[in-house]
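Participant: First to last, the protein sequences are chains H and R. Plus 4 on top of the position in the first sequence (first one is 1) and you've got this note's numbering. Plus 4 on top of the position in the second sequence (first one is 1) and you've got this note's numbering. Ideal Cβ positions, reconstructed from N, Cα and C, are used throughout, including at glycine. I have a structure I would like to understand better, so I am pasting it below and will then ask my questions one at a time.
There are 2 protein chains.
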Amino acid sequence: MQQKGETTIQDIADHAQVSKSTVSRVLNKSTAVNKDKRTAVLAAMKTLGFEPNLAARSLAGGRSMTLGVLTQNIGSPFYDALAQGVIHGLAGSGYSPIFVDGQWQQSTEIESIRTLIGRRVDGLLLIGGDVPVEQLNQLRERLPTIVVAREVVGWENQCIHVDNVQAGYEATKHLIDFGHQRIALLRGIKEHPDAIQRFEGYAKALTEAGIEFDTDLIYQGDFSGQSGVMAVNSLISRGIHFTAIFAANDMVAFGARLALSRHGMRVPEDISLVGFDDQAESAFATPPLTTMKQPAVEMGTAAANALVKLIHDEQYELASLPVELQRRESVARLR
Amino acid sequence: MQQKGETTIQDIADHAQVSKSTVSRVLNKSTAVNKDKRTAVLAAMKTLGFEPNLAARSLAGGRSMTLGVLTQNIGSPFYDALAQGVIHGLAGSGYSPIFVDGQWQQSTEIESIRTLIGRRVDGLLLIGGDVPVEQLNQLRERLPTIVVAREVVGWENQCIHVDNVQAGYEATKHLIDFGHQRIALLRGIKEHPDAIQRFEGYAKALTEAGIEFDTDLIYQGDFSGQSGVMAVNSLISRGIHFTAIFAANDMVAFGARLALSRHGMRVPEDISLVGFDDQAESAFATPPLTTMKQPAVEMGTAAANALVKLIHDEQYELASLPVELQRRESVARLR
DNA sequence: AGTTGCCTTGAAACCGGTTTCACGATAGAG
DNA sequence: CTCTATCGTGAAACCGGTTTCAAGGCAACT
Chain H
5 MQQKGETTIQ DIADHAQVSK STVSRVLNKS TAVNKDKRTA VLAAMKTLGF
55 EPNLAARSLA GGRSMTLGVL TQNIGSPFYD ALAQGVIHGL AGSGYSPIFV
105 DGQWQQSTEI ESIRTLIGRR VDGLLLIGGD VPVEQLNQLR ERLPTIVVAR
155 EVVGWENQCI HVDNVQAGYE ATKHLIDFGH QRIALLRGIK EHPDAIQRFE
205 GYAKALTEAG IEFDTDLIYQ GDFSGQSGVM AVNSLISRGI HFTAIFAAND
255 MVAFGARLAL SRHGMRVPED ISLVGFDDQA ESAFATPPLT TMKQPAVEMG
305 TAAANALVKL IHDEQYELAS LPVELQRRES VARLR
Chain R
5 MQQKGETTIQ DIADHAQVSK STVSRVLNKS TAVNKDKRTA VLAAMKTLGF
55 EPNLAARSLA GGRSMTLGVL TQNIGSPFYD ALAQGVIHGL AGSGYSPIFV
105 DGQWQQSTEI ESIRTLIGRR VDGLLLIGGD VPVEQLNQLR ERLPTIVVAR
155 EVVGWENQCI HVDNVQAGYE ATKHLIDFGH QRIALLRGIK EHPDAIQRFE
205 GYAKALTEAG IEFDTDLIYQ GDFSGQSGVM AVNSLISRGI HFTAIFAAND
255 MVAFGARLAL SRHGMRVPED ISLVGFDDQA ESAFATPPLT TMKQPAVEMG
305 TAAANALVKL IHDEQYELAS LPVELQRRES VARLR
């Protein structure tokens, strides 16, 4: 934090008795500079407290050192963790993220992306989202783009996501292994790809175990706690028999767990419960929640790193990130 | 999303048969422009798909339309909610926020603020943080600055925060009103101003009720769930008698609640529990957690609005935001 | 000693806007 | 019917950097 009237490259040049060009060169290490001059420039920058004007730099150099990040539902644990990972992954890279919120609405998302483009971001990081693939393809031609937490066909190398059908399969399998057959699925938002894929995994596990699939056990809701309580209430009031629940995410599981206890049903003695995400609170729920742990922070970090590499035209590998069953105490063997 | 090779103001000018200046004028509505030309320009912008280059704009106009937001602990519900509020409050204002993470470390914070300055942000929004007051005062002279979730003396009009001693007082009072006298305080990080002030409120309520203050009941921890379980374990292993707990935040309360149940103590029948923040999960805890609700989103929104006004030199009022007791089911009358 | 070629360096063009300034036209006032 | 404000407009300067280009200096090579 320095004086007012920002110091410019010209001031440095005057002070160090060199030209603007030279100052720029030491700033960017672009060309060799005589050692004496270099130190003089460095010294001048120190005394005058110089901080390069990014706008000018961006205008002249065509790089803004800014990355656009489109998030969804800021305030939801999973997406926040992702964002946290992005920030973490960008630290020290010289790039700063600028966040816009898409709110899971196509029109908002597209509008938001437009403003990012107006800001001449050097790359785009899309977290989830509903933007149609054709638009994405167009986008990709203009700007380095990475998509995270969403599967896009044809984007295999610019797309970081977990295998949600496998995750859904494993969660269900875990319950089956513990003797459960009547497993309610609290499904999440109808059109949401994650919900659809986890449902597939659920169905697959059931089929594989030779368990009859029963639509009565499927509850179409959203990803909120309230949805969890409504699901359980609905199940019970309809007199559906079930011994376990696989919830769309941890928040839904919390809601379900509460509704269960309101009905005098214990977890896990009467009903087993599996969540999804492993948000921080889940380890401290009563009982601690068994859940599918999504490596959200790691995904964010990986995405950020990949984007930077992509911008620099460097090679990179997209490590496949596993979602792992986090066994705690909300699942019990069926007696 | 448009063609490649970005359209510039000059392209528009050529297409509409006017000068750059005129285009700029209709863009900014700065000077009256002949209606015919204005519509011609607008039409040209439409056909060519024009998105002004923000870097150029910033360089020329001295405004970057970007606001620097310094957050702490991205990933913690309270700060995330604040950030969410900021984004919400900025929507449609033309300003975009750019976030940097201070991680509650002075050096990181100062470094982060430097990069924000380098980006020539038009204003600064500091969420919490440890930056010394003298530095803040220096900062304020260079840049419109608003501080939120932190009280800074002498900044009464640029500072949005809740009354933590009052909040601590009310929480404690609530417990006292329900007959509790042995109230454990899970205090949070030692030097954290919020923790200190809530402690003051706690002490005040006790004194006022003529209840003896007992240091055995005070647990110095942090703001994590783990801290909650450690606190309860410590209390119990030391054989301290208590009938209620006032936790530093909801996360700590969850931890405490879990530890309690591990020791066979029920909430609220045996022990009453009050949290702080009212994060989303709290309403769905078992039992639903009584807690002090912080208007985090509103604070963020208010801060964002205030900052925009401050930048425009407009008048604004800083509404005082109350933290309110959210009564749920984790507190019971002492038998 | 004369060339050639590399290295360092400054001058100047350029990036895409905003803003000042001056000028011509139009309109209102005397 | 002039004279003077007012309005609309384009040319040009400017914002603070990066990058191209050409030139000067010096070492190496023939």
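How would you list, in chain order, the residues of chain H whose beta-carbon sits under 9 Å from the beta-carbon of residue 105 of chain R?
Facilitator: Those are 88, 91, 92 and 95, listed as they occur along chain H.
Participant: Spatial neighbours of residue 332 of chain H within its chain, please: C-beta separation below 8 Å, excluding the five flanking residues on both sides.
Facilitator: For residue 332 of chain H, where only same-chain residues beyond five positions count, the Cβ hits under 8 Å are 286, 287, 291, 292, 293, 294 and 295.
Participant: Please confirm if the stretch 37-54 of chain R is in contact with the stretch 63-72 of chain H, defined as three or more CB-CB distances below 8 Å between the two stretches.
Facilitator: Segments in contact, no.
Participant: Could you check the C-alpha separation between residue 175 of chain R and residue 271 of chain H for me, to the nearest Å?
Facilitator: Their Cα atoms are separated by approximately 30 Å.
Participant: For residue 236 of chain R versus residue 263 of chain R, is the C-beta spacing smaller than 8 Å?
Facilitator: Cβ atoms of residue 236 of chain R and residue 263 of chain R: closer than 8 Å.
Participant: Please name the residue, chosen from H/16, H/97 and H/83, that lies closest to residue 311 of chain H on a Cα-to-Cα basis.
Facilitator: Measuring from the Cα of residue 311 of chain H, the nearest candidate turns out to be H/97.
Participant: Alpha carbon to alpha carbon, how far is residue 80 of chain H from residue 80 of chain R? Give it in angstroms, no decimals.
Facilitator: Answer to the nearest angstrom: the Cα atoms are 11 Å apart.
Participant: When the distance is taken between beta carbons, is residue 56 of chain H closer than 8 Å to residue 315 of chain H?
Facilitator: No. Outside cutoff.
Participant: Given this structure, state the Cα-to-Cα distance separating residue 273 of chain R from residue 336 of chain R, to the nearest angstrom.
Facilitator: Roughly 7 Å between the two C-alpha positions.
Participant: For residue 211 of chain R, which three-state DSSP category applies?
Facilitator: Residue 211 of chain R falls in the helix class under three-state DSSP.
Participant: Taking the beta carbon of residue 157 of chain R as the centre, do at least 16 other beta carbons fall within 10 Å, making it buried, or is it exposed?
Facilitator: Exposed: under 16 other Cβ atoms inside 10 Å.
Participant: Counting beta carbon pairs with one atom in the stretch 158-169 of chain H and one in the stretch 98-117 of chain H, are three or more of them shorter than 8 Å?
Facilitator: Contact between the stretch 98-117 of chain H and the stretch 158-169 of chain H is absent, because fewer than three Cβ pairs lie under 8 Å.
Participant: Using the DSSP secondary-structure output, state which residues sit across from residue 248 of chain H in a beta bridge.
Facilitator: According to DSSP, residue 248 of chain H bridges with H/187 and H/276.
Participant: CA-CA distance, residue 242 of chain H and residue 338 of chain H?
Facilitator: Spanning the two alpha carbons is a distance of roughly 22 Å.
Participant: With 9 Å as the C-beta to C-beta threshold (strictly closer), list the residues of the stretch 300-323 of chain R near chain H in chain order.
Facilitator: Correct list: 301.
Participant: Under the three-state reduction of DSSP, which class applies to residue 81 of chain R: helix, strand or coil?
Facilitator: Correct three-state label for residue 81 of chain R: helix.
Participant: Return the bridge partner residues of residue 96 of chain R from the DSSP annotation.
Facilitator: For residue 96 of chain R, which the question treats as bridged, DSSP gives no partner whatsoever.
Participant: Using a Cβ cut-off of 8 Å, pull out every chain R residue sitting near residue 119 of chain H, in sequence order please.
Facilitator: Correct list: 100.
Participant: Counting only Cβ pairs nearer than 7 Å, list the residues of chain H close to residue 261 of chain R.
Facilitator: The answer, in chain order, is 290.
Participant: Quick check on the DSSP output: what are the complete alpha helix (DSSP H) runs of length 4 or more inside the stretch 106-152 of chain R, in order along the chain?
Facilitator: Runs of the alpha helix (DSSP H) inside the stretch 106-152 of chain R: 110-122 and 137-146.
Participant: Note down the Cα distance separating residue 36 of chain R from residue 23 of chain R, rounded to an integer number of angstroms.
Facilitator: Computed Cα separation, rounded: 14 Å.
Participant: Just curious, the beta strand (DSSP E) that residue 329 of chain R is in, first and last residue?
Facilitator: From DSSP, the beta strand (DSSP E) with residue 329 of chain R extends over 328-330.
Participant: Three or more beta-carbon pairs under 8 Å between the stretch 182-195 of chain R and the stretch 241-258 of chain R, yes or no?
Facilitator: The answer is yes - the stretch 241-258 of chain R touches the stretch 182-195 of chain R, with three or more Cβ pairs under 8 Å.
Participant: DSSP state of residue 320 of chain R, grouped into three classes?
Facilitator: Looking at residue 320 of chain R - three-state DSSP - the assignment turns out to be coil, as it is neither helix nor strand.
Participant: Using CA atoms only, rank isn't needed, just tell me which of R/328, R/317, R/322 and R/308 is closest to residue 87 of chain R.
Facilitator: Taking only the C-alpha atoms, the option nearest residue 87 of chain R is R/308.
Participant: Strictly below 9 Å CB to CB, what residues from chain R border residue 132 of chain H?
Facilitator: The contacting residues do not exist; residue 132 of chain H stays about 16 Å from chain R at best.
Participant: Please classify residue 113 of chain R as buried or exposed, where buried requires at least 16 neighbouring CB atoms within 10 angstroms.
Facilitator: Result: buried.
Participant: On the DSSP bridge assignment, give the partners of residue 73 of chain H in chain order.
Facilitator: Paired residue(s): H/103 and H/129.
Participant: Any idea which residues DSSP pairs residue 295 of chain H with across the strands?
Facilitator: Bridge partners of residue 295 of chain H: H/279 and H/330.
Participant: Would you mind reading off the limits of the alpha helix (DSSP H) that contains residue 19 of chain H?
Facilitator: That run of the alpha helix (DSSP H) goes 13-20.
Participant: In whole angstroms, give me the CA-to-CA distance for residue 247 of chain R and residue 185 of chain R.
Facilitator: Computed Cα separation, rounded: 8 Å.
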